[in-house]
Amino acid sequence: MKELFSPPPIVQNQAQRIHELFQKNVVPSYGRFELVLSHGEGSYVWDVNGRRYLDLGSGIGVCCLGHANPDITQALTEQSKKLVHVSNLYYSEPQGHLAQELVSLTGPGKVFFSNSGGEANEGLYKLARKFGHEEGRFEILTATNSFHGRTLAGISATGQEKVKKGFEPMVSGFRHIPYNDLEAVRKAISPATVAVLIECIQGESGINPATPEYLLGLRQLCNEKKLLLLLDEVQAGYFRTGAFASYQRLLENTPAGKDFMPDGISWAKAIGGGYAIGGFWIRAQYADLLSPGTHATTYGGSPLGCAVGLKVLEVIRRDRIQENVRQMGAYMKDRLAALATRFPTIVHEARGYGLMLGVQLAQNIPAFSKGEKPHAVQFVNALHNAGVLTVPAGTHVVRLLPSLNIKKSEADEGLQIIEQVVSSLA
Ligand SMILES: *Cc1c(COP(=O)(O)O)cnc(C)c1O
727 MKELFSPPPI VQNQAQRIHE LFQKNVVPSY GRFELVLSHG EGSYVWDVNG RRYLDLGSGI
787 GVCCLGHANP DITQALTEQS KKLVHVSNLY YSEPQGHLAQ ELVSLTGPGK VFFSNSGGEA
847 NEGLYKLARK FGHEEGRFEI LTATNSFHGR TLAGISATGQ EKVKKGFEPM VSGFRHIPYN
907 DLEAVRKAIS PATVAVLIEC IQGESGINPA TPEYLLGLRQ LCNEKKLLLL LDEVQAGYFR
967 TGAFASYQRL LENTPAGKDF MPDGISWAKA IGGGYAIGGF WIRAQYADLL SPGTHATTYG
1027 GSPLGCAVGL KVLEVIRRDR IQENVRQMGA YMKDRLAALA TRFPTIVHEA RGYGLMLGVQ
1087 LAQNIPAFSK GEKPHAVQFV NALHNAGVLT VPAGTHVVRL LPSLNIKKSE ADEGLQIIEQ
1147 VVSSLA
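Per my numbering, residue 727 is the first one in the sequence shown, and the count goes up by one each step.
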């Protein structure tokens, strides 16, 4: 089937022409890298000049089964011949089945489908407000350095000043507390507090995991104070760490972790393997709070999105992708950690779980001291020049979020190039 797609013709000035189209016509809200990508296959993407890159970012953890995955293509084409979209005025089979799968992977409860992570989190905010409404409780505690999306409530929930700047006033009812600090949460709880929302591994701010004690302590505290415990699994969830949920991975060696269950979870990024679909799960006892007429989205849970979502889960099971995530993740983390030992003036630390890895750069890298851009961005650029795509996080962390089916040979190629770039900087 692949042979049917011939690569696009190579036109040398095409990249520049596309840059110009953007400058004239596209809202400049993104800080973009120069690359203009045209097509991909598996862990590789090609730019319009025909240059190949190993993609260790997979669209910020979205393309969990790689690019142009034939199973996804098949699910898209087959479902699109039946129904692409029907309104949520009606029932459709793929939505019911995908919800069933997600409930069985998570725990007793119900699922609502959205189209993005920010929107999935919006559903959790509304759930929390509905839950506390009769008692006049509405306040949601979130963590400093968190990231919850770019909607107005999303930037209000996000514990980073840079996303809020210029958009004040914020949506009221969000307060930020230091991450991994249970006492800070306890102290911050007011009579208006209704929920706590955290990422189990903070992604955008640089791959910072919660401790098991923090997660278990939050659960206990939320029980005690009658608060909902909400988890943003948009980036860390969905098998990224080698377990379906990142909290399952973080708690797997903690006996008390077996019974851990949040009250709400948001997902997006990987669900559709590249197709835009998100969703949130609500624990059984609260699952009917969002009663008919209280929440909706036109596209949510479309037959096409859900058919692709079902295919992604089928392939993850069929190809034992979870094992691959654990093996490749441990392998890559070890080799990246070895770079920190060999080149401590460049790499400070490698951390993360499964294929959600962060390389923390040294605070002052002489080769980057003249550049205006943060170290992370300069390092990512150096990797681009060497043929590897990664994603910056914060000022000093480079994220590796490869496709979950990355092969050993691809991991080796990426690690070798990263090592070359690191050693050239030392
Ligand atoms: C990406 C991300 C979001 C936002 O998702 P969108 O699909 O961009 O709206 C929210 N939370 C976390 C943790 C994310 O990584």
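No residue lacks a Cβ here, since even glycine has one placed at the ideal position from N, Cα and C.
When the Cα atoms are used, what is the spatial distance from residue 1114 to residue 1035?
Here the question's residue 1114 lines up with position 388 in the sequence shown. Here the question's residue 1035 lines up with position 309 in the sequence shown. Cα-Cα distance, rounded: 28 Å.
Within the segment 887–969, ranges of the alpha helix (DSSP H) (whole runs, at least 4 residues):
887–890, 908–914, 938–951
Quick check on residue 1091: does DSSP put it in helix, strand or coil?
In the sequence shown, residue 1091 corresponds to position 365, counting from 1. Three-state result, residue 1091: coil.
How big is the Cα-Cα spacing for residue 1011 and residue 954?
What you label residue 1011 is simply residue 285 of the sequence shown in a count that begins at 1. What you label residue 954 is simply residue 228 of the sequence shown in a count that begins at 1. C-alpha separation (whole angstroms): 11 Å.
Hey, out of 761, 771, 762, 782, whose CA is closest to residue 1134's CA?
By 1-based counting over the sequence shown, the position of residue 1134 is 408. When each option's Cα is compared against that of residue 1134, the closest is 782.
Going by DSSP, what residue range makes up the alpha helix (DSSP H) through residue 870?
Numbered from 1 along the sequence shown, position 144 holds the residue referred to as residue 870. It is not in any alpha helix (DSSP H) - residue 870 carries neither H nor E in the DSSP assignment.
Can the beta-carbon of residue 873 be found closer than 8 Å to that of residue 886?
To locate residue 873, count along the sequence shown from 1; it is residue 147. To locate residue 886, count along the sequence shown from 1; it is residue 160. Going by C-beta atoms, residue 873 is nearer than 8 Å to residue 886.
Based on the DSSP secondary-structure assignment, which residues constitute the bridge partners of residue 1079?
For the purposes of this step, residue 1079 is identified with residue 353 of the sequence shown, where counting begins at 1. Looking at the DSSP assignment, residue 1079 forms a beta bridge with 1082.
Considering only the beta carbon of each residue, do residue 805 and residue 1030 sit closer than 8 Å?
Within the sequence shown, the letter at position 79 stands for residue 805. Within the sequence shown, the letter at position 304 stands for residue 1030. Closer than 8 Å, so yes.
Following a CB-centred definition, is residue 766 positioned closer than 7 Å to any heavy atom of ligand 1?
Taking the sequence shown and counting its residues from 1, the one referred to as residue 766 is at position 40. No.
How big is the Cα-Cα spacing for residue 1019 and residue 820?
Residue mapping note: residue 1019 aligns to position 293 of the sequence shown, counting from 1. Residue mapping note: residue 820 aligns to position 94 of the sequence shown, counting from 1. In a straight line, the C-alpha of residue 1019 is about 22 Å away from that of residue 820.
Any idea if residue 841 is buried or exposed, counting beta-carbon neighbours within 10 angstroms, 16 or more meaning buried?
Within the sequence shown, residue 841 is the residue found at index 115, counting from 1. Classification for residue 841: buried.
Is residue 847 near ligand 1 - that is, is its Cβ less than 7 Å away from at least one heavy atom of it?
For the purposes of this step, residue 847 is identified with residue 121 of the sequence shown, where counting begins at 1. Result yes, Cβ under 7 Å from ligand 1.
Starting from the C-beta of residue 762, find all residues in its chain whose C-beta is less than 6 Å away, skip the five residues before and the five after it, and write them out in chain order.
In the sequence shown, the residue the question calls residue 762 occupies position 36. Cβ within range, chain order: 741, 744, 773, 774.
By the three-class DSSP mapping on this structure, what secondary structure does residue 761 have?
Locating residue 761 in the sequence shown gives position 35, where the first residue counts as 1. Coil, per DSSP.
Taking the beta carbon of residue 1059 as the centre, do at least 16 other beta carbons fall within 10 Å, making it buried, or is it exposed?
In the sequence shown, counting from the first residue as 1, residue 1059 sits at position 333. Burial call: buried.
Taking the continuous beta strand (DSSP E) assigned at residue 863, which residues delimit it?
Within the sequence shown, numbered from 1, the residue matching residue 863 stands at position 137. No beta strand (DSSP E) holds residue 863; DSSP gives it neither H nor E.
Could you tell me which residues DSSP pairs with residue 1009 in its beta bridges?
Reading the sequence shown from its first residue, position 283 is the one you call residue 1009. Looking at the DSSP assignment, residue 1009 forms a beta bridge with 835.
Heavy atom of ligand 1 less than 7 Å from the Cβ of residue 946, yes or no?
Residue 946 sits at position 220 when you count from the first residue of the sequence shown. Residue 946 Cβ: outside cutoff for every heavy atom of ligand 1.
Can you give me the Cβ contacts of residue 829 inside the same chain, cut-off strictly under 8 Å, excluding the 5 residues immediately before and after it?
Indexing the sequence shown from 1 puts residue 829 at position 103. Correct list, in chain order: 835, 836, 837, 1007.
Suppose you measure from the CA of residue 1016 to the CA of residue 902; what does that come to, to the nearest Å?
Here residue 1016 corresponds to residue number 290 of the sequence shown, with the count starting at 1. Here residue 902 corresponds to residue number 176 of the sequence shown, with the count starting at 1. Cα-Cα distance, rounded: 26 Å.
Among 862, 1107, 1054, 1037, whose alpha-carbon lies nearest the alpha-carbon of residue 1128?
For the purposes of this step, residue 1128 is taken as residue 402 along the sequence shown, with counting starting at 1. Of the listed residues, the one whose Cα sits closest to residue 1128 is 1054.
Compare the Cα-Cα distances from residue 1078 to each of 895, 976, 831 and report the closest residue.
Here residue 1078 refers to the residue found at position 352 of the sequence shown. Out of 895, 976, 831, 976 has the C-alpha closest to the C-alpha of residue 1078.
Under 8 Å, do residue 1032 and residue 973 count as touching if we go by C-beta distance?
Position 306 of the sequence shown, counted from the start, is the residue given in the question as residue 1032. Position 247 of the sequence shown, counted from the start, is the residue given in the question as residue 973. Not closer than 8 Å, so no.
Compute the minimum distance between the beta carbon of residue 823 and the heavy atoms of ligand 3, and state whether it is under 7 Å.
As for ligand 3, it is missing from this structure, which binds only ligand 1.
Residue 1076 to residue 1106, Cα distance in whole Å?
Mapped onto the sequence shown, residue 1076 falls at position 350. Mapped onto the sequence shown, residue 1106 falls at position 380. Roughly 15 Å between the two C-alpha positions.
For the candidate residues 1116, 1137, 897, whose alpha-carbon lies nearest to that of residue 788?
Looking up residue 788 in the sequence shown gives position 62. Checking every option, the nearest Cα to that of residue 788 belongs to 1116.
What number of angstroms, rounded off, separates the C-alpha of residue 1095 from the C-alpha of residue 986?
If you number the sequence shown from 1, residue 1095 lands on position 369. If you number the sequence shown from 1, residue 986 lands on position 260. Whole-angstrom Cα-Cα distance: 45 Å.
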